[in-house]
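Report on one structure; see the data block that follows.
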Amino acid sequence: MKIDVLLGLQWGDEGKGKIVDVLTPNYNVIARFQGGPNAGHTLEFNHFKHVLHTIPSGIFREGTLNIIGNGVVMDPVIFKKEIDNLKKINVHLESTLFISKKAHLILPSHRILDAASEAHKGKTKIGSTLKGIGPTYMDKTGRNGLRVGDILNPNFIEKYNFLKQKHFDILKNYDFEYNISDYEKEWFEGIECIKSFQIIDSEIFINNLMLENQTILAEGAQGTLLDIDFGTYPFVTSSNTVTAGACTGLGVAPNRIGEVFGIFKAYCTRVGSGPFPTELFDNDGDKLTEIGHEYGATTGRRRRCGWLDLPALKYSVMINGVTQLIMTKADVLQHFDIFKVAIAYFIENTVVESLPYDIGIPIKPIYMEFEGWKTDISKIKSEDEFPKELKIYIDFIEKSIGVPITIVSVGPNREETVFRKK
Ligand code: GDP
Ligand code: IMO
Ligand code: MG
Numbered sequence: 002m003k004i005d006v007l008l009g010l011q012w013g014d015e016g017k018g019k020i021v022d023v024l025t026p027n028y029n030v031i032a033r034f035q036g037g038p039n040a041g042h043t044l045e046f047n048h049f050k051h052v053l054h055t056i057p058s059g060i061f062r063e064g065t066l067n068i069i070g071n072g073v074v075m076d077p078v079i080f081k082k083e084i085d086n087l088k089k090i091n092v093h094l095e096s097t098l099f100i101s102k103k104a105h106l107i108l109p110s111h112r113i114l115d116a117a118s119e120a121h122k123g124k125t126k127i128g129s130t131l132k133g134i135g136p137t138y139m140d141k142t143g144r145n146g147l148r149v150g151d152i153l154n155p156n157f158i159e160k161y162n163f164l165k166q167k168h169f170d171i172l173k174n175y176d177f178e179y180n181i182s183d184y185e186k187e188w189f190e191g192i193e194c195i196k197s198f199q200i201i202d203s204e205i206f207i208n209n210l211m212l213e214n215q216t217i218l219a220e221g222a223q224g225t226l227l228d229i230d231f232g233t234y235p236f237v238t239s240s241n242t243v244t245a246g247a248c249t250g251l252g253v254a255p256n257r258i259g260e261v262f263g264i265f266k267a268y269c270t271r272v273g274s275g276p277f278p279t280e281l282f283d284n285d286g287d288k289l290t291e292i293g294h295e296y297g298a299t300t301g302r303r304r305r306c307g308w309l310d311l312p313a314l315k316y317s318v319m320i321n322g323v324t325q326l327i328m329t330k331a332d333v334l335q336h337f338d339i340f341k342v343a344i345a346y347f348i349e350n351t352v353v354e355s356l357p358y359d360i361g362i363p364i365k366p367i368y369m370e371f372e373g374w375k376t377d378i379s380k381i382k383s384e385d386e387f388p389k390e391l392k393i394y395i396d397f398i399e400k401s402i403g404v405p406i407t408i409v410s411v412g413p414n415r416e417e418t419v420f421r422k423k
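For the numbering used here, count along the sequence shown from 1 and bump the result up by 1.
The following block contains the structure:
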C-alpha cells in the first residue's frame, strides 16, 4: 500500500489540521513528517476546538495510530503541555502515539538562539515563531543535534550540556539577555514525558505497516511557499514542507507515494515577514482578516491577507505533484460582492505568468474579477447545492491548474466539508 500525503500549498494555515481530521477515518495511521511546534493545526468538532502543534491531527479518531516522524523537531516542553491538555479531556495517547528515535530535540538554548538571531536582524527579521526551529535544523544539518533516541542513553546529560555550552558560546556574539533555568527545568520534565511514549525506529515501523497494507496519511506542516528550497527564501521555515519532505521525513521511498492532497485557502494569508504579491492593505484585506478570523493558531499574530495567487498555486502544485486539490475557507468569500484572483504579474512592464525567482521586487498582480455568491454556504452538504458563482470559481481554478478540487471546506467544523464527485 502506498502512503498518501496532505500538505499546504501557500504560506501555511490552509486548514491542514481540519482536513486531516476529516480524512482520518479513511486511514489507519497519521504521520507528521517535518516542522515542529511552529505549526498550529486547528480541529473543531462537537462545539470543541483544539490546536495541535507537534502531535498529528489523527488523534481524535479512535483506533488510529499516530507517528511523529524523523523529520520533525520536538520541544519537550510544548509536547508535554499538549499531552497534559489532552489528558484533561480524557484523550490518552500512550498506546497510539509513536515517536521516531531520529526526530531532533529543540533545546531551551535553541529557542534563545532563535530569539537572539531575530532581534539582531531587526527590520530584516524572518518573523519566526520563536520556537527554536531554525537553530535546531541548523544543528541537525551541522551534525551537532540531539535526537529523541539520545534521551535513552546514559551519556545524554553530557551531550546536552556540551551542546548547550556551544550555544552559550555563540550567544556571546549577541547583545541579548536570557535566563534559561525555568525553561530548562520544564524541559527535563518534558523529556520524562517523551520517555513514557513508544520511541521507535519509525522508518522501519512505517515500511512494515505499508507491507501489511495499512493505510497511511502523511501530514505536512507549514506550506510550500515556506519550504526551505522552494519557498520565498530567506523568509521561509527551515524544513522541506513539500512532498519530497515526506520521503525524507518518514523514510518512505518516492515510488511509495500515492495521492498528494494539496490544500489552499480560497484566498491567501501569510504570517511573519516576506514578500506577498497579492497582499491587500485596504478594507477587503481587513474584511478577510476579520471574517476569516485570520490570527495565528501558534502565536496569535494577525495574518496578512490577500487574494488567491494562481501563478504561485500552479508552482506549488508542480513541486508537490498534487493529484487532488482541497479548497478551504470558501465560506469567507461569501461576504464579498466581487473578489479577485491574480492570474499573472506585471514585472518591469512585462507580463509574467510564472512565479519568478525573487518576488520581493516590485510586482503588480494582474487580477481577474469574480462575482461573489452572497449566500451562506456553510450548511451545504452537496456540491449540487453550490451557488452558480462558486461553481464558476471552482471550475476556473480546476481548469487553470489542471487538477480536480475534490473537497471544498465551507466552515471550520469537521461537518462543514463538501466532498465532490470525482
Ligand atoms: P493549519 O495550520 O493548516 O492546520 O491551519 P490553522 O489551524 O492554523 O488555520 C486555519 C484556521 O481556519 C483555523 O482556525 C480553522 O479552524 C479554520 N478553518 C479551516 N477550514 C475552514 C473553513 O473552511 N472555513 C472557515 N471559516 N474556517 C476554516
Ligand atoms: P502551520 O503548520 C504559518 C512562518 C513564520 C515565519 C516563518 C519562519 O500551522 O501551517 P519558523 O518559526 O518556522 O522559523 O518561522 O514561517 N511559519 C508559519 N506560518 N503557519 C505555520 O505552520 C508556520 N510555521 C512557520 O510565521 O514567517
Ligand atoms: Mg496553522
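Each residue gets a CB set at the ideal place from its N, CA and C atoms; glycine is no exception.
As the structure is a prediction and not an experimental result, all values here were calculated from the model.
Check your understanding: In the DSSP assignment, what residue or residues form a beta bridge with Gly-263?
Key -> Leu-8, Leu-326
Review point. Just to confirm, does Asp-14 get its C-beta within under 7 Å of one of the non-hydrogen atoms of ligand 3?
Key: yes
Review point. Heavy atom of ligand 2 less than 7 Å from the Cβ of Gly-412, yes or no?
Key: no
**Study point:** Selected residue, minimal CA-CA separation from Pro-136, among Thr-125, Asn-154, Pro-413, Lys-165
**Key:** Lys-165
Check your understanding: Got a sec? Which residues, its chain only, sit under 6 Å from Lys-266 by beta carbon, not counting five neighbours each side?
Key -> Glu-15, Thr-329, Lys-330
Point to revise | Span of the beta strand (DSSP E), counted from its first residue to its last, around Val-434 | key: Any property of residue 434 remains undetermined from this structure, which presents the chain solely from 2 to 423.
Practice item. Have a look at Leu-356 and Ser-58 and give me their C-alpha separation to the nearest angstrom. Key: Between the alpha carbons of Leu-356 and Ser-58 lies a gap of roughly 31 Å.
Point to revise | Nearest to Ile-229 (by Cα), restricted to the options Pro-388, Ala-245, Ala-219 | key: Ala-245
Practice item. Return the residue from the list Lys-375, Ile-348, Ala-116, Ser-379 that minimises the CA-CA distance to Lys-365. Key: Looking at the Cα atoms, Ile-348 is the closest of the given residues.
**Study point:** alpha helix (DSSP H) segment containing Arg-112, residue limits
**Key:** 109-122
Practice item. Answer yes or no: do Gly-221 and Val-404 have a C-beta to C-beta separation smaller than 8 Å? Key: no
Exercise for review: Take Thr-249 as the anchor and find which of Gly-232, Asp-285, Gly-275, Asn-208 has the nearest alpha-carbon.
Suggested key: Among Gly-232, Asp-285, Gly-275, Asn-208, the Cα nearest to that of Thr-249 belongs to Asn-208.
**Study point:** Cβ-based neighbour list, Lys-422, same chain, cut-off 8 Å, excluding 5 preceding and 5 following
**Key:** So the list reads Glu-384, once near-sequence residues are dropped.
**Study point:** Any non-hydrogen atom of ligand 2 closer than 7 Å to Gly-191 Cβ
**Key:** no
Check your understanding: So the beta strand (DSSP E) Thr-376 belongs to, where does it begin and stop?
Key -> Taken as a continuous stretch (DSSP letters only), Thr-376 belongs to no beta strand (DSSP E), as it is neither H nor E.
Review point. Three or more C-beta pairs closer than 8 Å, one from the stretch 191-200 and one from the stretch 145-154: is that the case here?
Key: As far as the Cβ criterion goes, the stretch 191-200 touches the stretch 145-154, which means the pair count is three or higher.
Review point. Is any heavy atom of ligand 1 found at a distance shorter than 7 Å from the C-beta of His-1?
Key: Since the first and last residues shown for the chain are 2 and 423, residue 1 lies out of range.
Check your understanding: Which whole runs of the alpha helix (DSSP H) in the stretch 19-62 are 4 residues long or more, in chain order?
Key -> Here no run is fully enclosed.
Point to revise | Cut-off 6 Å between Cβ atoms - residues of its own chain near Leu-8, not counting five sequence neighbours on either side | key: Gly-221
Practice item. Assign Gln-223 to one of three DSSP states: helix, strand, or coil. Key: coil
Check your understanding: Distance, Cα to Cα, Asp-396 vs Trp-374?
Key -> 14 Å
Check your understanding: With which residues is Pro-366 paired in a DSSP beta bridge?
Key -> Tyr-346
**Study point:** Supposed close pair Gly-286, Cys-306 - CB separation, criterion 8 Å
**Key:** 5 Å
Exercise for review: Provide the residue(s) that pair with Asn-214 in DSSP beta bridges, ordered along the chain.
Suggested key: Its beta-bridge partners do not exist; DSSP assigns none.
Exercise for review: Assign Ile-69 to one of three DSSP states: helix, strand, or coil.
Suggested key: strand
Review point. Which word fits Tyr-138, buried or exposed, when buried means at least 16 other C-beta atoms lie within 10 angstroms of its C-beta?
Key: buried
Check your understanding: What did DSSP end up calling Lys-341 once you bin it into helix, strand or coil?
Key -> strand
Practice item. Go ahead and pull the three-state DSSP assignment for Phe-433. Key: The question about residue 433 has no answer here: the residues shown for the chain are numbered 2 through 423.
Exercise for review: Name the residue from Leu-98, Tyr-316, Ile-113 whose alpha carbon lies nearest to the alpha carbon of Ser-182.
Suggested key: Ile-113
Practice item. Would you mind sorting Pro-77 into buried or exposed? The rule is 16 or more other CB atoms within 10 Å of its CB. Key: buried
Point to revise | Distance, Gly-191 Cα to His-105 Cα | key: 14 Å
Check your understanding: Is DSSP giving Met-75 helix, strand or coil here?
Key -> strand
**Study point:** CB of Thr-270 within 8 Å of CB of Glu-295, strictly
**Key:** yes
Exercise for review: Hey, could you find the ends of the beta strand (DSSP E) Ser-101 is sitting in?
Suggested key: 98-101
**Study point:** Per-residue burial, Pro-254 [other beta carbons within 10 Å of its own, 16 or more giving buried]
**Key:** Note that residue 254 is Ala in the sequence shown, not Pro. Exposed.
Review point. Does DSSP put Leu-309 in a helix, a strand or coil?
Key: strand
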